Amino acid sequence: MRKNCATFCRDFRLYSCQLFFGKCHLPLSPTPQRLPMNKPTHWVDTPDALASMFEQLCRTGILAVDTESDSFHAYRPGVCLLQFATRRDIFLLDVLAFDKAELAPLKTIMEDRSILKLLHAADNDLHYLQLDLGIFTKNLFDTFLAARFLDLPKRGLGPLLDERFGVQTSKKYQRLNWRMRPIPEGALVYAAMDVRFLIELYEQLSAELAEAGWLDAVEQESLLMLEKNYTLKPFDEEGFWKIQGAKGLSGRKLSVLKSLYLWRHTRCLETNIAAVFILPDHALLRLAQRTPRSIKQIERLLSIDPRKFRMMGEGLLQAIQDGLNTPPPQRVLKRRNKPYRRPVDSELFDVLRAWRLDTAQKDELEPGLLAPNSLLQELARTPPADMVALAQIDGLLKWRLSRYGDDLLDILRKYQEQKEIVSDED
Numbered sequence: 003m004r005k006n007c008a009t010f011c012r013d014f015r016l017y018s019c020q021l022f023f024g025k026c027h028l029p030l031s032p033t034p035q036r037l038p039m040n041k042p043t044h045w046v047d048t049p050d051a052l053a054s055m056f057e058q059l060c061r062t063g064i065l066a067v068d069t070e071s072d073s074f075h076a077y078r079p080g081v082c083l084l085q086f087a088t089r090r091d092i093f094l095l096d097v098l099a100f101d102k103a104e105l106a107p108l109k110t111i112m113e114d115r116s117i118l119k120l121l122h123a124a125d126n127d128l129h130y131l132q133l134d135l136g137i138f139t140k141n142l143f144d145t146f147l148a149a150r151f152l153d154l155p156k157r158g159l160g161p162l163l164d165e166r167f168g169v170q171t172s173k174k175y176q177r178l179n180w181r182m183r184p185i186p187e188g189a190l191v192y193a194a195m196d197v198r199f200l201i202e203l204y205e206q207l208s209a210e211l212a213e214a215g216w217l218d219a220v221e222q223e224s225l226l227m228l229e230k231n232y233t234l235k236p237f238d239e240e241g242f243w244k245i246q247g248a249k250g251l252s253g254r255k256l257s258v259l260k261s262l263y264l265w266r267h268t269r270c271l272e273t274n275i276a277a278v279f280i281l282p283d284h285a286l287l288r289l290a291q292r293t294p295r296s297i298k299q300i301e302r303l304l305s306i307d308p309r310k311f312r313m314m315g316e317g318l319l320q321a322i323q324d325g326l327n328t329p330p331p332q333r334v335l336k337r338r339n340k341p342y343r344r345p346v347d348s349e350l351f352d353v354l355r356a357w358r359l360d361t362a363q364k365d366e367l368e369p370g371l372l373a374p375n376s377l378l379q380e381l382a383r384t385p386p387a388d389m390v391a392l393a394q395i396d397g398l399l400k401w402r403l404s405r406y407g408d409d410l411l412d413i414l415r416k417y418q419e420q421k422e423i424v425s426d427e428d
């Protein structure tokens, strides 16, 4: 993949322009400005190209960002490609070409509050940026959230680009193994398109949000996403119980299933290949049901590539034998030790849900955006008596407080009064 950077960029610009921009019909409205037909696209996989990219990103005030990971193919996925777009340039950063230490300036850029970062459906990107690269992004605007608050019928990035900029993107690369090198040129164009129009899309959507009165809501909800601390889900040694058909096994066959399940986990860690590509659940179950006693018997049961089987046949046989020599596992129900919380008043919760549905219809907003269930449950658990107490409710945010604070307090007050009347009558 280590092409001459200048040659690659020249070829890539020509290829992307022919493929995507040749049939690009830009709408006269509501586009805030005439868009350039193309932006210079830079492949970054050398120290010099990386330094040049950092220098340009540091000078921008707005930055479109996207990530491509190997989440579908890897057991412990990470970021493989990072895409950035300024108003002038697109950068495709080959993350795998550098040590994490070499990417340290990227953390400074992504955590710089003076640079507005634009992402579409940011949760997955934030997850990998945080866990894989140690980046805690600051100053975010999520264009997917914007589309939701505007109640747009099309909210995916592809449909939005098609509708607003006349650009159609291929879906064939959505499950590409982005760890592979070289990356197909069509996939690089696909990756570039994820950020190519994001600044222009932001300008359109933010103008529409301001007109509709939802801009402050999207800005606050976007920033709320940045408060989330992502964690790696630990491996569950008892996860074999969740395999479909496991409950139908008994005795040593259940032991074999557990042994195979643990063997697969070890194999996944060694190869960083997703479990489904090592051996899917149904194959583990089939082996546990039949308990083959030789490599030939295992091979007859499994319809997998012979080369792949040669790499795991002996390990599978050993796992089966270990299971047969192990007492059957006993299922242990895990008890979650949660701190005591005051129970939710179910009647008040229903009243709040009815208010939410009615208000959402009037405001043409998704009920879950207007007030998520977690917020209504908290209000029904500990009803605040005044605006100061209401403002302390976790997740309320200023935009909800200013729009719906008085209504919520009125509902809570009337509910409490009605409850007291009923209590007095009893």
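The opening residue of the sequence shown carries number 3 in the numbering used here; numbering runs sequentially from there. All residues carry an ideal CB built from backbone N, CA and C; glycine is no exception. Keep in mind that this is a model prediction, so the values were computed, not measured.
Could you say which of the options lies nearest to residue i if we only look at CA atoms?
{"i": "T233", "options": "H284, D47, G136 and L105", "result": "G136"}
{"i": "P345", "options": "R312, Q379 and P331", "result": "Q379"}
{"i": "Y77", "options": "A99, R266, Y175 and A193", "result": "R266"}
{"i": "L118", "options": "T69, Q132, Y130 and T62", "result": "T62"}
{"i": "P236", "options": "E202, K249, L271 and A209", "result": "L271"}
{"i": "D352", "options": "E368, N375 and K364", "result": "N375"}
{"i": "K400", "options": "R355, L289, E223 and F100", "result": "E223"}
{"i": "L128", "options": "D324, D68 and R292", "result": "D68"}
{"i": "L289", "options": "V278, L403, A276 and L303", "result": "L303"}
{"i": "V390", "options": "L318, L411 and R383", "result": "L411"}
{"i": "G160", "options": "Y130, A193, S296 and L131", "result": "A193"}
{"i": "D72", "options": "Y175, L264 and A362", "result": "Y175"}
{"i": "K173", "options": "M195, L83 and P155", "result": "M195"}
{"i": "Q246", "options": "T273, Q291, A214 and I275", "result": "Q291"}
{"i": "A106", "options": "N126, L131 and S116", "result": "L131"}
{"i": "L367", "options": "M182, A99 and A214", "result": "A214"}
{"i": "K230", "options": "D388, N126 and A99", "result": "N126"}
{"i": "T253", "options": "T293, D218, M313 and A276", "result": "According to the sequence shown, residue 253 is Gly rather than Thr. Among T293, D218, M313 and A276, the Cα nearest to that of G253 belongs to T293."}
Let me confirm a value: residue i is counted as buried when at least 16 other C-beta atoms fall within 10 Å, else exposed. Which label applies?
{"i": "H284", "result": "exposed"}
{"i": "A189", "result": "buried"}
{"i": "I423", "result": "exposed"}
{"i": "Q35", "result": "A caution first: Q35 carries a pLDDT of 33, below 50, which makes its placement in the model unreliable, though a value can still be read off. Exposed."}
{"i": "G370", "result": "exposed"}
{"i": "E419", "result": "exposed"}
{"i": "K421", "result": "exposed"}
{"i": "F167", "result": "buried"}
{"i": "P29", "result": "At P29 the pLDDT is 29, less than 50, meaning the model places this residue with poor confidence and gives no usable figure here."}
{"i": "D408", "result": "exposed"}
{"i": "R79", "result": "What sits at residue 79 in the sequence shown is Pro, not Arg. Buried, because 16 or more other Cβ atoms sit within 10 Å of the Cβ of P79."}
{"i": "T88", "result": "buried"}
{"i": "E202", "result": "buried"}
{"i": "A66", "result": "buried"}
{"i": "K244", "result": "exposed"}
{"i": "T273", "result": "exposed"}
{"i": "R415", "result": "exposed"}
{"i": "A209", "result": "exposed"}
{"i": "A248", "result": "buried"}
{"i": "L226", "result": "exposed"}
Could you check how far apart the C-beta atoms of residue i and residue j are, in whole angstroms? I think they sit under 8 angstroms.
{"i": "L211", "j": "V220", "result": "6 angstroms"}
{"i": "V81", "j": "D134", "result": "5 angstroms"}
{"i": "W357", "j": "I395", "result": "Actually they are not in contact, since the Cβ atoms of W357 and I395 sit about 15 angstroms apart, beyond 8 angstroms."}
{"i": "V258", "j": "I322", "result": "5 angstroms"}
{"i": "L319", "j": "I297", "result": "6 angstroms"}
{"i": "G397", "j": "L377", "result": "5 angstroms"}
{"i": "L83", "j": "W216", "result": "Their Cβ separation, rounded to whole angstroms, is 32 angstroms, which puts L83 and W216 out of contact at 8 angstroms."}
{"i": "L264", "j": "E239", "result": "7 angstroms"}
Would residue i and residue j be called neighbours here (beta carbons separated by less than 9 angstroms)?
{"i": "L281", "j": "L262", "result": "yes"}
{"i": "Y406", "j": "L372", "result": "yes"}
{"i": "T145", "j": "L207", "result": "yes"}
{"i": "F138", "j": "L228", "result": "yes"}
{"i": "A124", "j": "Y204", "result": "no"}
{"i": "T43", "j": "D91", "result": "yes"}
{"i": "K255", "j": "F242", "result": "no"}
{"i": "V46", "j": "L94", "result": "yes"}
{"i": "R150", "j": "F74", "result": "no"}
{"i": "P385", "j": "Y342", "result": "no"}
{"i": "L108", "j": "L121", "result": "no"}
{"i": "L163", "j": "F199", "result": "yes"}
{"i": "Y59", "j": "I111", "result": "Residue identity differs from the one stated: residue 59 is Leu in this sequence, not Tyr. Taking 9 angstroms as the Cβ cut-off, L59 and I111 qualify as a contacting pair."}
{"i": "E104", "j": "P186", "result": "no"}
{"i": "D347", "j": "R383", "result": "yes"}
{"i": "P308", "j": "E316", "result": "no"}
Pull up the DSSP beta-bridge partners for residue i, would you.
{"i": "L392", "result": "Its beta-bridge partners do not exist; DSSP assigns none."}
{"i": "S71", "result": "V81"}
{"i": "A66", "result": "A87 and L120"}
{"i": "F100", "result": "Answer is none; F100 lacks a bridge partner."}
{"i": "T328", "result": "DSSP, once it has assigned bridges, lists no residue as partnering T328."}
{"i": "T43", "result": "I92"}
{"i": "L398", "result": "Per DSSP, none; premise fails for L398."}
Quick one: does residue i have its CB under 9 angstroms from some CB of chain C?
{"i": "P294", "result": "In the structure shown, chain C does not exist; there is a single protein chain."}
Cβ of residue i versus every heavy atom of the ligand NAD: is any distance shorter than 8 angstroms?
{"i": "D218", "result": "Among the ligands in the structure shown, none appear at all, so the ligand NAD cannot be discussed."}
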